[in-house]
Amino acid sequence: MANTIKTIKSADGDVIDCVNILKQPAFDHPLLQNHTIQMRPSSYPKRIEAKDNVRKLQQPWHLNGRCPEGTVPIHRTQKSDKKYPKGVTRPQSDSEVTKGHEYAIAWADYDKYMGGKAEINIWNPRVQAGGDFSVSQIWLMSKNIQTSIEVGWIADGYVNTGCYNLQCSGFVQVNHAIALGGTVTPISVFDGPQYKMTVSIFKASMKTNDEDLAS
1 MANTIKTIKS
11 ADGDVIDCVN
21 ILKQPAFDHP
31 LLQNHTIQMR
41 PSSYPKRIEA
51 KDNVRKLQQP
61 WHLNGRCPEG
71 TVPIHRTQKS
81 DKKYPKGVTR
91 PQSDSEVTKG
101 HEYAIAWADY
111 DKYMGGKAEI
121 NIWNPRVQAG
131 GDFSVSQIWL
141 MSKNIQTSIE
151 VGWIADGYVN
161 TGCYNLQCSG
171 FVQVNHAIAL
181 GGTVTPISVF
191 DGPQYKMTVS
201 IFKASMKTND
211 EDLAS
């Protein structure tokens, strides 16, 4: 990848390119020319700001190195990778899209939201067929459910349209430690150690249209 400062290979097959934060793909978007990166949100909603004593999320490529300050880790797409999915449609009894999908969900539907937060247990569930998948997410959806912002993990990604993370035009990353789309470790064990990640989505300010994802 152009503008790569460092490349790190992981034992699980992931290849991570450490790219100059000012040269990441988002800035190819014409509306982001001469854009000034905001490294931290202007404000955090109550109870969302990260705690200093929380253990940081780990990824296997960390064992072979880290991306330096001033860069962002970008997960290199491999030919063997499946396409990232578009979000699963919110289940409705009359929806053809949801046939073959099984859900365990909880949702809230109020007047106005500035964001949301979830603690998601990390699993790597076994799937039986090549087209099967398992996903755990937090969504923020528009009223017509055609637009959503999603944070979570997915196993055996299914083929569909849409985009995730840095594959979306104009998506800006500022964190230099986490490669979006990369493997997450450790994995929870049934009747054993449990691991989780805390994720949040929130609007940084009522005066802007900026949305922030945090983990």
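Numbering (full-length UniProt numbering), first residue to last: 1 to 215.
Idealized CB from N, CA, C, for every residue including glycine.
Quantities reported herein were computed from a predicted structural model and do not represent experimental measurements.
Problem set entry | Pair within 7 Å by beta-carbon distance, Ala26 and Gly182 | As a working note, residue 26 is residue 26 in the sequence shown. As a working note, residue 182 is residue 182 in the sequence shown. In this structure, Gly182 does not lie closer than 7 Å to Ala26 by Cβ.
For this session: Could you tell me which residues DSSP puts in a beta bridge with Gln58?
Result: As a first step, residue 58 must be located in the sequence shown, where it is residue number 58. Gln58 pairs with Thr185.
Problem set entry | Cα-Cα separation, Leu63 to Leu32 | Stepping through the sequence shown from its first residue, residue 63 is reached at position 63. Stepping through the sequence shown from its first residue, residue 32 is reached at position 32. About 34 Å.
Problem set entry | For Ile105, the residue or residues it bridges with in DSSP | Counted from its first residue, the sequence shown places residue 105 at position 105. Ile105 is not bridged to any residue.
Exercise. Less than 7 Å separating the beta-carbons of Ile21 and Gly65?
Worked result: Start at 1 with the first residue of the sequence shown, and residue 21 comes out as number 21. Start at 1 with the first residue of the sequence shown, and residue 65 comes out as number 65. Cβ atoms of Ile21 and Gly65: not closer than 7 Å.
Exercise. From Gly115 to Lys203, what does the alpha carbon distance come to, in whole angstroms?
Worked result: Sequence index remark: in the sequence shown, residue 115 carries index 115 (1-based). Sequence index remark: in the sequence shown, residue 203 carries index 203 (1-based). C-alpha separation (whole angstroms): 6 Å.
Exercise. Taking 6 Å as the cut-off, is the CB of Leu32 close to at least one heavy atom of the ligand FAD?
Worked result: The ligand FAD is not among the ligands present in this structure, which contains no ligands whatsoever.
For this session: Assuming Ala179 contacts Gln59 (C-beta within less than 8 Å), just tell me the rounded distance between them.
Result: As a position in the sequence shown, residue 179 is number 179, starting the count at 1. As a position in the sequence shown, residue 59 is number 59, starting the count at 1. About 6 Å separates the two Cβ atoms, so the contact holds.
Problem set entry | Straight-line Cα distance separating Asp132 from Asp156 | By 1-based counting over the sequence shown, the position of residue 156 is 156. By 1-based counting over the sequence shown, the position of residue 132 is 132. Because the pLDDT at Asp156 is just 41, under 50, the model does not fix this residue reliably, and the value given afterwards should be weighed accordingly. Asp156 and Asp132: Cα-Cα distance of roughly 7 Å.
For this session: State the DSSP-derived secondary structure class of Asn124, mapped to helix, strand or coil.
Result: Residue numbering aside, residue 124 sits at position 124 when the sequence shown is read from its first letter. Three-state result, Asn124: coil.
Problem set entry | Between the CA atoms of Cys18 and Lys9 - distance to the nearest angstrom | Within the sequence shown, numbered from 1, the residue matching residue 9 stands at position 9. Within the sequence shown, numbered from 1, the residue matching residue 18 stands at position 18. Each residue's alpha carbon lies about 11 Å from the other.
Exercise. For the putative contact between Tyr113 and Leu140, defined by C-beta atoms under 8 Å, what is the C-beta separation to the nearest angstrom?
Worked result: Residue mapping note: residue 113 aligns to position 113 of the sequence shown, counting from 1. Residue mapping note: residue 140 aligns to position 140 of the sequence shown, counting from 1. With 8 Å as the limit, Tyr113 and Leu140 qualify as a contact, their Cβ atoms being about 7 Å apart.
Exercise. Between Ser188 and Ile105, is the Cβ-Cβ spacing less than 7 Å?
Worked result: The count along the sequence shown starts at 1 and reaches residue 188 at position 188. The count along the sequence shown starts at 1 and reaches residue 105 at position 105. Cβ atoms of Ser188 and Ile105: not closer than 7 Å.
Exercise. Skipping 5 residues on each side, what residues in its chain have a beta carbon closer than 6 Å to that of Val15?
Worked result: The count along the sequence shown starts at 1 and reaches residue 15 at position 15. Closer than 6 Å at the Cβ level, and outside the excluded window around Val15, lie Lys9 and Arg76.
Problem set entry | Rounded separation between Ile5 and Ala118 - CA only | Stepping through the sequence shown from its first residue, residue 5 is reached at position 5. Stepping through the sequence shown from its first residue, residue 118 is reached at position 118. Computed Cα separation, rounded: 34 Å.
Problem set entry | Secondary structure of Asn20, DSSP reduced to three states | Residue numbering aside, residue 20 sits at position 20 when the sequence shown is read from its first letter. Strand, per DSSP.
Exercise. If you draw a straight line from the alpha carbon of Arg90 to that of Ser136, how long is it in whole angstroms?
Worked result: As a first step, residue 90 must be located in the sequence shown, where it is residue number 90. As a first step, residue 136 must be located in the sequence shown, where it is residue number 136. In this prediction, Arg90 scores a pLDDT of 47, lower than 50, which makes its location untrustworthy; no coordinate-derived value is stated.
Problem set entry | Residue closest to Gly13, alpha-carbon to alpha-carbon, out of Trp61, Phe190, Thr36 and Asn34 | Counting from 1 along the sequence shown, the entry for residue 13 is found at position 13. It is Trp61 whose Cα lies nearest to the Cα of Gly13.
For this session: Enumerate in chain order the residues of its own chain whose CB-to-CB distance from Tyr195 is below 6 Å, with the five nearest sequence positions on each side excluded.
Result: Numbered from 1 along the sequence shown, position 195 holds the residue referred to as residue 195. Result list for Tyr195: Ile122, Pro186 and Ser188, in chain order.
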